[in-house]
Structures are given as C-alpha cells and as structure tokens.
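**Q**
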Amino acid sequence: MSVEVLSTVLLAVALVHSFITPVFAQFSKKFKQGSGLEAFFHLLSEVEVVFGFWAIIFLTISSISYGAMPMLSYARSLQMTEPLFVFCIMILASSRPVVTIARSILLGLVKILCRLLPVDEKVIQVFVLLGVGPLLGSLITEPAAITILALLLYRMLDKVDEKLLYGVLALLFVNVSIGGGLTHFAAPPILIVAHKFGWSLKDVFVQIGEAVICTTLVNALVFCFIFKNKIKAQIQKLEPEHYPMPVWLTVTHLLFMTGIVLAAHQDIIFVGLFLAFIGLTTVTKKYQDGLKFREAFLVAFFLAGLIVFGSLQKWWVTPILQALTEKTLYFIATALTAVTDNAALTYLGSQVEGLTESSKWALVSGAITGGGLTILANAPNPAGFAILSEKFPDKSLNALKLFLAALVPTVIAIGFFMIFGNF
Numbered sequence: 125m126s127v128e129v130l131s132t133v134l135l136a137v138a139l140v141h142s143f144i145t146p147v148f149a150q151f152s153k154k155f156k157q158g159s160g161l162e163a164f165f166h167l168l169s170e171v172e173v174v175f176g177f178w179a180i181i182f183l184t185i186s187s188i189s190y191g192a193m194p195m196l197s198y199a200r201s202l203q204m205t206e207p208l209f210v211f212c213i214m215i216l217a218s219s220r221p222v223v224t225i226a227r228s229i230l231l232g233l234v235k236i237l238c239r240l241l242p243v244d245e246k247v248i249q250v251f252v253l254l255g256v257g258p259l260l261g262s263l264i265t266e267p268a269a270i271t272i273l274a275l276l277l278y279r280m281l282d283k284v285d286e287k288l289l290y291g292v293l294a295l296l297f298v299n300v301s302i303g304g305g306l307t308h309f310a311a312p313p314i315l316i317v318a319h320k321f322g323w324s325l326k327d328v329f330v331q332i333g334e335a336v337i338c339t340t341l342v343n344a345l346v347f348c349f350i351f352k353n354k355i356k357a358q359i360q361k362l363e364p365e366h367y368p369m370p371v372w373l374t375v376t377h378l379l380f381m382t383g384i385v386l387a388a389h390q391d392i393i394f395v396g397l398f399l400a401f402i403g404l405t406t407v408t409k410k411y412q413d414g415l416k417f418r419e420a421f422l423v424a425f426f427l428a429g430l431i432v433f434g435s436l437q438k439w440w441v442t443p444i445l446q447a448l449t450e451k452t453l454y455f456i457a458t459a460l461t462a463v464t465d466n467a468a469l470t471y472l473g474s475q476v477e478g479l480t481e482s483s484k485w486a487l488v489s490g491a492i493t494g495g496g497l498t499i500l501a502n503a504p505n506p507a508g509f510a511i512l513s514e515k516f517p518d519k520s521l522n523a524l525k526l527f528l529a530a531l532v533p534t535v536i537a538i539g540f541f542m543i544f545g546n547f
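Counting in our numbering, the sequence shown runs from 125 upward without gaps.
Laid out in structure tokens, this is it:
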C-alpha cells in the first residue's frame, strides 16, 4: 500500500470517527470519572481532536513502514502557517475589548432596525448576528468573525431545544463560510489560492460579491421566519456590555488584530505580534476575560491534522477536477467540501494545470458554498463549535444532525451562486 492510499484510508476512518463522536462520549461514562480511560475516550469524543489524532497515527505507521527520514522530510514540507494564524487570531478575537466593540456595532444596527421594523428585538438580534455578522469576516477574517459571533450567541443560547440549537450552529457555519467571500484574504479557501490565481480584492468582490451578500442575508431571513416563535420563547436577549472599557485599550487590541491579519502569510511576524499582545493582556487583567487558549489549541490541532492528510489526496482529487465542466465542478466541489476541508480542496485544485478562469471560480464558489455541511468543511467551524460545545448534550456534535440542518441554507446558497456566479 502506498503512502497516499494509506493516508486516504485513515482520512476516511477519521471522517467516520467524526460522525460517531457521541458514541465515544457515551462510552467514556462507563469508566470511573477522572480515570485515564474516561479521559481518553472523552478526548476522542472531541471532534476537534479527531483529525489530529488520526494524523499522528498516520505519521507513526508511515514512519515504521516507509522509514522515519522520508516521513520527517514530509512533515518538514508541510505549511502550518494557517493553524498558527487561526490559533493567534482566535485568542485575540475572544478578548473582552474586541468582543465588546463587536457587540456595540451589532447592537447599534439592531437598534436602527428595531426603529424601522415592527419585529421582536430578539428576532432582529438573531438576524443581525447570523446575517450581517458573517459578512464582517471579510474584513477581520472568518476565524475572528466566528469566534466573536459564537461568544455572543453563547450568551443567548440557554436551554434551547436541539432543533433550534443545530439550526443556529448550521446557519453560523454556512454563513461564515460564505460571508468571508467579499475579499481575497479572509476565507481560507480563497486566501490559499488568491496569489497563485492572481486575484485581487476587486476580482473577488466583483465575481462573487453579489452571491455572498444575498446568500447570508436571505439565509438569516429564512431562518428567523421559520424559527421566530422559538426565538421569542427560548433565546435570551443580548444586552449591551456594562463594563467600562478604556478607548486606548480597545484601539490597541484592534491594531494588534489588524497587524496579525495583514501579516497572515508571515508566521514569524504575526506570532511576534501575538506574543506582544499576550504581554499586554497580563498587565490589563482588569479588562480581560479568560482567553480561549484551550479552544484555540484544539482548532489549530484539527487544522494541522487536515494539512497532514490534505496534500496526499491529490492522486484522486486531481483526475476528478480535470474531467469536469464548470457547473459540474461547482456541484462536485460543494459535495467534496463536506468530506475535505475546503481550503485543502481549493489548494489541490490550484495544483491542477490548465484550469480555465471560470473553472477556478466554480471551484472556489463550490468550496465556500459547502463549508457548513460538516465541521471539517471549513477551517473556522471547529472554532465556533469549541465555544458553543457546552450547549450541546455531552459537549458532543452529532454530524448527521448538523448536515441535515445545513442543507436548506446550503441549497439557498447554491441558488444564488447559480444566478450570480460567473462560471
């Protein structure tokens, strides 16, 4: 068996594992609380751990079977900038000053809409968070946007039923995946190919901007219409932040975020900025909440696992992409994104020689369209679930329920990309 086939087999195993994490959560309860076995099986129920866990197994088996030096060379060839970036930006975005300013902006928009529309304020809050909020990802990056939105939604979701809970999570995933598509640097599947394809901010905005804006707003509108009664009865109203926050501290945090976003491709620079930011938080503890180190680490571990597997899937992805027409490529990319990280998918597509310009747009459009179908479909998804996981039974995600909840907003997205997509 070649190393490529082995990687694909273990990737498939990891995918199956991600769908049955609740089984591991239940199994962990058979052991004494605090015991090693209980901790081990509970760890395997964390969906963010799955791909990193199987990546370690893959590297171990490969080192034994094919030699340690070849696998060490392979590991050194992997580009881990994205996991590092997501780790840094997620922690920064979870800081109280950043969340406070984001909350103020979104609640300001809610007030304006409340004056204009005869609609319950909680319904408008949900619409703004899940419809307008994801579009902020085009400016501050998707990992930062989903972190902020999940933290705000966490305060609103208290004793809600499972159908509404999965509906919120699915819409958050779908809209964040698509909402970062207004710029060339915010959505991982666009960011990773923009340089090679020669795309600028203008190119991305002109080509898919209409579909992105229409999809996020209409998805949120449809969700609020379907769940309006449950939102009124079960969702907690989001209140303004009452803690005083010095203006200089908020500005400093935003400058750190801007610097890290602008240096997203330069890990030495953004890690240095991040370390300086951590230093700032240690002397401003009065104005800080607990930073999301654990959640950010799990997400980075998840992404690193996908990267270990990703580049070895070219043997089966490339022939598929080369044989497809533009529209077929769009639908196949949307479907493949459910089982392959969308950034990995577009990266593999960028290695295929002879792709037409319309095929490139079809590939990227499909990748962001399917980004909410599963937790592994889009890199920021684990960040959102890591924050909201306490609201779910056993802190575990049922992958099938997420997939079913994400189907309607994904179909709506397909409709708009069929209308406005240039492929």
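From the three backbone atoms N, C-alpha and C, an ideal C-beta is built for every residue, glycine too.
(1) With distances taken Cα to Cα, identify the nearest neighbour of Leu404 among Val140, Ser219, Phe143.
(2) Can you tell which of Lys515, Ala344, Asn522 has the C-alpha that lies nearest to the C-alpha of Pro258?
(3) Please name the residue, chosen from Thr145, Met214, Phe329, that lies closest to Leu273 on a Cα-to-Cα basis.
(4) Flag this pair as yes or no: are the beta carbons of Ser301 and Gly495 separated by less than 7 Å?
(5) I'd like to know whether the C-beta atoms of Lys246 and Ile350 end up nearer to each other than 7 Å.
(6) With DSSP as the reference, label Leu281 as helix, strand or coil.
(7) Enumerate, from N- to C-terminal direction, the unbroken alpha helix (DSSP H) stretches of 4 or more residues contained entirely within the stretch 334-387.
(8) Does DSSP classify Gln244 as helix, strand or coil?
(9) Measuring CA to CA, which of Gly539, Leu130, Glu128 is closest to Ala335?
(10) Output the distance between the C-alpha atoms of Phe552 and Ala529, rounded to the nearest integer angstrom.
(11) Give me, in chain order, the residues of the same chain whose beta-carbon lies closer than 7 Å to that of Phe401; leave out the 5 immediate sequence neighbours on both sides.
(12) Taking just the CA atoms, how far does Ala192 sit from Thr534?
(13) Could you name the residues of the same chain whose beta carbon sits closer than 7 Å to that of Thr340, not counting the 5 residues immediately before and after it, in chain order?
(14) What separation, rounded to the nearest whole angstrom, lies between the Cα atoms of Thr493 and Val407?
(15) Per the contact definition of three or more C-beta pairs closer than 8 Å, is the stretch 411-423 in contact with the stretch 496-512?
(16) Are there 16 or more other CB atoms within 10 angstroms of the CB of Leu277, so buried, or fewer, so exposed?
(17) For Met195, count neighbouring C-beta atoms within 10 Å of its own C-beta (all shown protein chains included) and say buried if the count is 16 or more, exposed if not.
(18) When we look at the beta-carbon of Gly478 and count the other beta-carbons within 10 Å, is it buried (16 or more) or exposed?
(19) Specify the secondary structure class of His166 as computed by DSSP and reduced to three states.
(20) For the stretch 197-207 against the stretch 442-455, do three or more pairs of beta-carbon atoms, one drawn from each stretch, fall closer than 8 Å, so that the two count as touching?
(21) Work out the CA separation of Leu231 and Asn353 for me, nearest whole Å.
(22) Using a 10 Å radius around the Cβ and a threshold of 16 neighbouring Cβ atoms, would you call His319 buried or exposed?
(23) For Asn466, name the three-state secondary structure that DSSP assigns.
(24) What does the alpha-carbon distance come out to for the pair Thr498 and Leu531?
(25) Write down every uninterrupted run of the alpha helix (DSSP H) in the stretch 158-218 whose length is 4 residues or greater and which is fully enclosed by it, in chain order.
(26) Please check if any C-beta of chain C sits within less than 7 Å of the C-beta of Val284.
(27) By Cβ distance below 8 Å, which residues in the same chain neighbour Leu487 in space, the five residues on each side in sequence not counted?
(28) So, at 6 Å on beta carbons, what are the nonlocal neighbours of Phe388 in its own chain, with the 5 sequence-adjacent residues on each side left out?
(29) I believe Gly490 touches Thr464 by the beta-carbon criterion, under 8 Å. Please report the beta-carbon distance rounded to the nearest angstrom.
(30) Just the C-alpha distance for Glu162 and Lys154, rounded to the nearest angstrom, thanks.
(31) Please return the same chain residues whose Cβ sits closer than 7 Å to the Cβ of Cys212, not counting the five positions on each side in sequence.
(32) Looking only at its chain, what residues have a beta carbon closer than 7 Å to the beta carbon of Ile536, apart from the 5 residues adjacent to it on each side?
(33) For a test of the three-state rule: what should DSSP assign to Gly255, helix, strand or coil?
(34) Taking Ile355 as the reference, which of Val243, Gln150, Leu167, Val174 has the closest Cα?
(35) To the nearest angstrom, how far is the alpha carbon of Ile229 from that of Ser482?
(36) Three-state secondary structure (DSSP) at His319?
**A** Answer, in terms of the structure:
(1) Ser219
(2) Ala344
(3) Met214
(4) yes
(5) no
(6) strand
(7) 352-358, 371-386
(8) Before going on, a small fix: residue 244 reads as Asp here, not Gln. Asp244: coil per DSSP, three-state reduction.
(9) Gly539
(10) Summary: the structure shown does not reach residue 552, with the chain confined to residues 125 through 547, and so no result is reported for it.
(11) Leu216, Phe380
(12) 43 Å
(13) Gly255, Pro258, Leu259, Asn299, Ile302, Gly303
(14) 42 Å
(15) yes
(16) buried
(17) buried
(18) exposed
(19) helix
(20) no
(21) 21 Å
(22) exposed
(23) helix
(24) 10 Å
(25) 160-168, 171-190, 192-201, 205-217
(26) Among the chains of the structure shown, chain C does not appear; only one protein chain is present.
(27) Leu445, Leu453, Tyr454, Ala457, Leu469, Thr470, Gly473, Leu479
(28) The sequence given here has Ala at residue 388, not Phe. Taken in chain order, the residues that qualify are Phe209.
(29) Wrong, their Cβ atoms sit about 11 Å apart, outside the cutoff.
(30) 8 Å
(31) Ile384, Phe394, Val395, Phe398
(32) Thr339, Val342, Asn343, Val346
(33) helix
(34) Val243
(35) 37 Å
(36) helix
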